[in-house]
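One structure is given below, encoded as structure tokens.
Chains as they are written, first to last, in this note's numbering: chain A, 895 to 1170; chain B, 895 to 1170.
Set out below in structure tokens:
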């Protein structure tokens, strides 16, 4: 059981920020990553559709024999978190809780900004979880959807003049609110971290839910006695629901090393659709 | 038969540029539009995936009892055109042929630019069809993928500083090639026509395949004796595969009038996936 992999899914490349953090926190663990690149993006789609996609993604990982599922997509966490917990018996952690708790720890002034997809912002999930995490402390939350950040990250425009202009448009209202903490509420956004930090200026702590999530995964596995105790570095396997070429290029650039096992599961996906 | 609707499909809102042109050319016709908003965009996905999606979209229209299918998505036309012709007996016209023929008529110098999605550019479909349409005339074709134009159009950024900056980046190489004709090889791009025209400068004819396609649909229906001869203005019905709210907002803004019938076919889509 302990040497079984941890399963991670996202709509595309964004969840790689969580995978990278997991590798750093838990180098012995085996990881299985699924990017639903045939249907990316999720953040502009409806709650019913995102819920359906998320359950299909988690089923794929379940069938791969994982010991735990990490929902590395904020939109899926916000819109399908409850349904996923209901449908799967495996330990399951989604990025929103850890991100919200990290924001509550980071803020001094209680003025917290959240940037996320349209769907995540509309769900109100971050505001709810940050308020819970702050308990009786006063907190004001300012949310801003940033719909062009996902395509910019997917196109590799991580540090361009275009991205800086888009960031200025989205982030100026948050700067004016004098927030001291900004939650990167979409796993694609850490890819644009430099531009976001520069645009917000000094004195604002950026909360990357990937880091917070990896730390909580480590705690959860330790508590349940599920840490992999075999020596040596764990393996990562990657699956995508569409052809792998685009994913391959962006993923290698982002992870800074060759991907070991990368497989397009078009056929699996299609079969599943035919037989359910 | 003649009063049956014309079916039109696209990955999202882009095909509305074709629908609008059809209404102008053929005001008596009834139209049925399908936007596959649950899986938009197509232009960044693989040939196999786009082909599967296009066949499912056309099947939906076929089951609605249309007399003809218009593939109002350049990516689907480029990657699935042959398969669609094989799989359906209905008259079927896709946007690439009419666009290529219009470009061949428009160019004087034989220097033609094509802007399209990554998938359409990689297919080489426009270059092949423009060369065919030019016959023995010499022609040089310069193709440029513009991956951020679809999300910009879908976000309503039709005339913004961000769009102008992105356009400058994509179009400067084409301007340097001194083309005299530019094919808007994605049905979303006419939504950005003002910015594209401004960036290219005077002396470049923009070919909007929506207009060319509507004219060819009119000719084809007339030749086959399929024009609707009932008096009065035809009706348009709209279907989307995801929740309708986003589509509704962009579509009404674009068409400049309230949508009559708009229906989210999530349930149909899901049923179809379950029963095939």
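Backbone N, C-alpha and C fix where the C-beta goes; we use that ideal spot for every residue, glycine too.
Task: Nonlocal neighbours in the same chain, by C-beta distance under 7 angstroms from residue 1089 of chain A, ignoring five residues either side - done: Contacts found: 1053, 1057, 1058, 1061.
TODO: Please say whether residue 1139 of chain A and residue 1072 of chain A have beta carbons closer to each other than 8 angstroms?
DONE: In this structure, residue 1139 of chain A does not lie closer than 8 angstroms to residue 1072 of chain A by Cβ.
Open item on the list: With distance defined between alpha-carbon atoms, name the residue in B:1127, B:1065, B:998 nearest to residue 1030 of chain B.
Closed with: Closest by C-alpha distance to residue 1030 of chain B, out of B:1127, B:1065, B:998, is B:998.
Open item on the list: Looking at chain B, is there any beta carbon in it that lies within less than 8 angstroms of the beta carbon of residue 932 of chain A?
Closed with: So, interface residue.
TODO: Name, going along the chain, the residues of the segment 1058-1092 of chain A whose beta-carbon falls closer than 9 angstroms to a beta-carbon of chain B.
DONE: For the segment 1058-1092 of chain A, the set of residues with a beta-carbon nearer than 9 angstroms to any beta-carbon of chain B comprises 1059, 1060, 1063, in chain order.
Task: Cβ-based burial, residue 962 of chain B [other Cβ within 10 Å; buried from 16] - done: That one is buried.
TODO: Please determine, among B:934, B:994, B:898, B:920, the residue with the shortest C-alpha to C-alpha distance to residue 955 of chain B.
DONE: When only C-alpha atoms are compared, the closest one is B:898.
Task: Min CB distance residue 1049 of chain B to chain A below 8 angstroms - done: Under the 8 angstroms criterion on CB atoms, residue 1049 of chain B is classed as interfacial with respect to chain A.
Task: Under 8 angstroms between C-beta atoms of residue 1132 of chain A and residue 907 of chain A - done: For residue 1132 of chain A and residue 907 of chain A, no; Cβs fall outside 8 angstroms.
Task: Simplified DSSP assignment, three categories, for residue 918 of chain A - done: If DSSP states are grouped into helix, strand and coil, residue 918 of chain A belongs with the helices.
Task: Beta-carbon proximity list for residue 1047 of chain A, same chain, < 8 angstroms, skipping 5 on both sides - done: Closer than 8 angstroms at the Cβ level, and outside the excluded window around residue 1047 of chain A, lie 907, 908, 1082, 1083, 1085, 1086.
Open item on the list: Against chain A, does residue 1014 of chain B count as a neighbour if the rule is that its beta carbon must be under 8 angstroms from one of theirs?
Closed with: Between residue 1014 of chain B and chain A, the shortest Cβ-Cβ separation is not below 8 angstroms.
Open item on the list: Beta carbons nearer than 9 angstroms to chain A: which residues of the segment 934-950 of chain B have them?
Closed with: The residues in question are 934, 935, 938, 939, 940, 941, 942, 943, 946, 947.
- [ ] Identify the continuous beta strand (DSSP E) that holds residue 1034 of chain B and give its terminal residues.
- [x] That run of the beta strand (DSSP E) goes 1034-1039.
Task: Alpha-carbon spacing of residue 1134 of chain B relative to residue 1112 of chain A, whole angstroms - done: Straight-line Cα distance between these residues: approximately 42 angstroms.
Open item on the list: Excluding the 5 residues flanking residue 1002 of chain A on each side, which residues of the same chain have their C-beta closer than 7 angstroms to its C-beta?
Closed with: Only 1074 meet the Cβ criterion.
Task: Interface positions of the segment 1123-1146 of chain A facing chain B (Cβ-Cβ less than 7 angstroms), listed along the chain - done: Those residues of the segment 1123-1146 of chain A placed with their C-beta closer than 7 angstroms to a C-beta in chain B are 1136, 1137, 1140, ordered along the chain.
- [ ] Report buried or exposed for residue 1175 of chain B, applying the criterion of at least 16 other Cβ atoms within 10 angstroms of its Cβ.
- [x] With chain B covering 895 to 1170 only, the question about residue 1175 of chain B has no answer from this structure.
TODO: Report yes or no: do the segment 927-945 of chain B and the segment 971-978 of chain B share at least 3 C-beta pairs separated by less than 8 angstroms?
DONE: Of all C-beta pairs linking the segment 927-945 of chain B to the segment 971-978 of chain B, three or more are shorter than 8 angstroms, placing the two stretches in contact.
- [ ] Spell out whether any CB of chain B is found under 8 angstroms from the CB atom of residue 1159 of chain A.
- [x] Not closer than 8 angstroms to any Cβ of chain B, the Cβ of residue 1159 of chain A fails to qualify, so no.
TODO: Please name the residue, chosen from A:905, A:910, A:896, that lies closest to residue 866 of chain A on a Cα-to-Cα basis.
DONE: Within the shown structure, residues of chain A are numbered from 895 to 1170, placing residue 866 of chain A beyond reach of any answer.
Task: Inter-residue spacing [alpha-carbon to alpha-carbon] between residue 966 of chain A and residue 932 of chain B - done: In this structure, the straight-line span from the alpha carbon of residue 966 of chain A to that of residue 932 of chain B is close to 20 angstroms.
Open item on the list: Quick check on residue 911 of chain B - is its C-beta less than 8 angstroms from some C-beta in chain A?
Closed with: Cβ-Cβ to chain A under 8 angstroms: no for residue 911 of chain B.
TODO: Could you pull the start and end residues of the alpha helix (DSSP H) that residue 1064 of chain B belongs to?
DONE: For residue 1064 of chain B, the uninterrupted alpha helix (DSSP H) run begins and ends at 1055-1070, by DSSP.
Task: Distance, residue 1148 of chain B Cα to residue 1035 of chain B Cα - done: Straight-line Cα distance between these residues: approximately 31 angstroms.
Open item on the list: For residue 995 of chain B, count the other beta carbons within 10 Å of its own beta carbon; 16 or more makes it buried, fewer makes it exposed. Which is it?
Closed with: It counts as buried.
Open item on the list: In this structure, how does DSSP classify residue 1113 of chain B when only helix, strand and coil are distinguished?
Closed with: Helix.
Open item on the list: At the level of alpha carbons, what is the spacing between residue 1151 of chain B and residue 922 of chain A?
Closed with: Spanning the two alpha carbons is a distance of roughly 59 angstroms.
TODO: Note down the Cα distance separating residue 1065 of chain B from residue 1098 of chain B, rounded to an integer number of angstroms.
DONE: Counting only the Cα atoms, residue 1098 of chain B lies some 12 angstroms from residue 1065 of chain B.
TODO: Could you say which of A:1114, A:1076, A:1039 lies nearest to residue 1096 of chain A if we only look at CA atoms?
DONE: Residue A:1076 is the option with its Cα nearest to residue 1096 of chain A.
Task: Closer than 8 angstroms to chain A by CB, residue 1165 of chain B - done: With a pLDDT of only 48 at residue 1165 of chain B, under 50, the local geometry of the prediction cannot be trusted, and the value read off the model is given with reservation. Residue 1165 of chain B does not count as touching chain A.
- [ ] Taking residue 950 of chain A as the reference, give the member of A:1040, A:905, A:1014 with the closest Cα.
- [x] Measuring C-alpha to C-alpha distances from residue 950 of chain A to each of A:1040, A:905, A:1014 identifies A:905 as the nearest.
- [ ] Write down the C-beta distance between residue 926 of chain B and residue 964 of chain B rounded to the nearest angstrom, noting that I regard them as a contact closer than 8 angstroms.
- [x] Contact between residue 926 of chain B and residue 964 of chain B fails: their C-beta atoms lie close to 10 angstroms from each other, not under 8 angstroms.
TODO: Reducing DSSP to helix, strand and coil, say where residue 982 of chain A ends up.
DONE: Coil at residue 982 of chain A, not helix or strand.
TODO: With DSSP as the reference, label residue 1157 of chain A as helix, strand or coil.
DONE: In the displayed model, residue 1157 of chain A falls within a strand according to three-state DSSP.
Task: Contact set between the segment 1025-1042 of chain B and chain A, restricted to residues whose Cβ is under 7 angstroms from the partner - done: Listed in sequence order: 1041, 1042.
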